[in-house]
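Once you know that position 94 of the sequence shown is 94 in the working numbering, the rest is easy, because the numbers rise by one and skip nothing.
Where a beta carbon is used, it is the ideal one built from N, C-alpha and C, also for glycine.
This report refers to the structure that appears directly beneath it.
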Amino acid sequence: MNRIATLSRAEFKLLGRNRLLLFNAIVLPLIFPIGMLILSRDDGLPDTAVSSGLETFALFLLVFVVFYNLLSVYSTRRDELVLKRLRTGECSDAEILAGPAVPSWVLTGLLTVIVGIAVVVLGGRAPVNPILLLVAFIGGAAVFTALALITSAVTRNAEAAQITCMPILILATAGMSSIRNVLPDNIARVLDFTPMAAVLDLVNLGWVGRTSSELTETGAAASFVDTFGSAGQPLLVMVAWIVGSVLIANVHFRWEPRS
1 MNRIATLSRA EFKLLGRNRL LLFNAIVLPL IFPIGMLILS RDDGLPDTAV SSGLETFALF
61 LLVFVVFYNL LSVYSTRRDE LVLKRLRTGE CSDAEILAGP AVPSWVLTGL LTVIVGIAVV
121 VLGGRAPVNP ILLLVAFIGG AAVFTALALI TSAVTRNAEA AQITCMPILI LATAGMSSIR
181 NVLPDNIARV LDFTPMAAVL DLVNLGWVGR TSSELTETGA AASFVDTFGS AGQPLLVMVA
241 WIVGSVLIAN VHFRWEPRS
């Protein structure tokens, strides 16, 4: 644990020196969702506005703060032979890979708290099931960390990450409810099994008690207990993505610079 803390402190310092990554990690995940919430405010925040704001926040958070930041970090550290040198010391492989991820995980928690407070302050309802919210963001951070490890295997350096990140960016965007709700049912059902779709369904169930597709229907939101029943599929999808991504990353992650 002390070794992870040491590595993570070094990564925090390096993150603070990189203005572009710092902007992507802090400003982008906050400015767009909070701006949407402010513009949607009218004697309180309707559930549809809360859902849209939280989905936008989750997309920017997991894609930029977690995935893209870690993809750049892992690719750069490998290219500079930092990872290779660390493997010759006392750190295990898991500690070496967890150290750079800690800043992104910490920012994920802090930014989620900030946006959550903003929703309530601006007139939105309190979350129906905070447990599902916690599971959604922790599970989402785990999935997109593993996807960063996988993508780094085909990423030569930090500059190339701008290109190799595109498949995951497209996959994440396809899971947005605003896209799934306008597509034919057979396509939307396939997209329900993408990682971002699972995260967003859990976020909506956790905060407003309904998935975004159910917000257009009449009826009351599900209770705390009932939300667990509706969370079965997205939970299974998330677990499957976490397990599958970790297994693939364990096999294909590269410790040596790409020639």
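Check                                                                                                         : Outcome
Neighbour-count burial assignment, Gly16, 16 or more Cβ in a 10 Å radius                                      : exposed
Outcome for Arg19 when other beta-carbon atoms lying within 10 angstroms are tallied against a minimum of 16  : exposed
Run of the alpha helix (DSSP H) containing Tyr262, from where it starts to where it stops                     : Because the chain in this structure spans residues 1 to 259, residue 262 falls outside the shown range and cannot be described.
Of the listed residues Asp79, Arg125, Cys165 and Leu37, nearest to Phe67 (C-alpha basis)                      : Cys165
Alpha-carbon spacing of Leu149 relative to Asp43, whole angstroms                                             : 45 Å
Under the three-state DSSP convention, the category Ala126 falls into                                         : coil
Whether Met238 touches Leu205 by CB criterion (9 Å)                                                           : no
Contact check, Ile179 vs Leu191, beta carbons under 9 Å                                                       : yes
C-alpha gap between Ser75 and Pro100, whole angstroms                                                         : 11 Å
Unbroken stretches of the beta strand (DSSP E), 3 residues or longer, contained in the segment 154-187        : none
Rounded distance between the beta-carbons of Leu30 and Leu133, thought under 8 Å                              : Not really, about 17 Å apart at Cβ, beyond 8 Å.
Straight-line gap, Phe33 to Gly116 (C-alpha atoms, nearest Å)                                                 : One point to set straight first is that residue 33 is Pro, not Phe, in the sequence displayed. The straight-line gap from Cα to Cα measures roughly 11 Å.
Leu59 classed as buried or exposed, judged by whether at least 16 other C-beta atoms fall within 10 angstroms : buried
Contacting residues, own chain, Cβ-Cβ under 7 Å from Ala158 (five flanking each side not counted)             : Ser72, Ser75 and Thr76
Straight-line gap, Glu263 to Ala197 (C-alpha atoms, nearest Å)                                                : With the chain covering 1 to 259 only, the question about residue 263 has no answer from this structure.
Among Arg78, Asp93 and Val50, nearest to Asn250 - alpha-carbon criterion                                      : Asp93
Where Ala231 falls, given that 16 or more other Cβ within 10 Å makes a residue buried                         : buried
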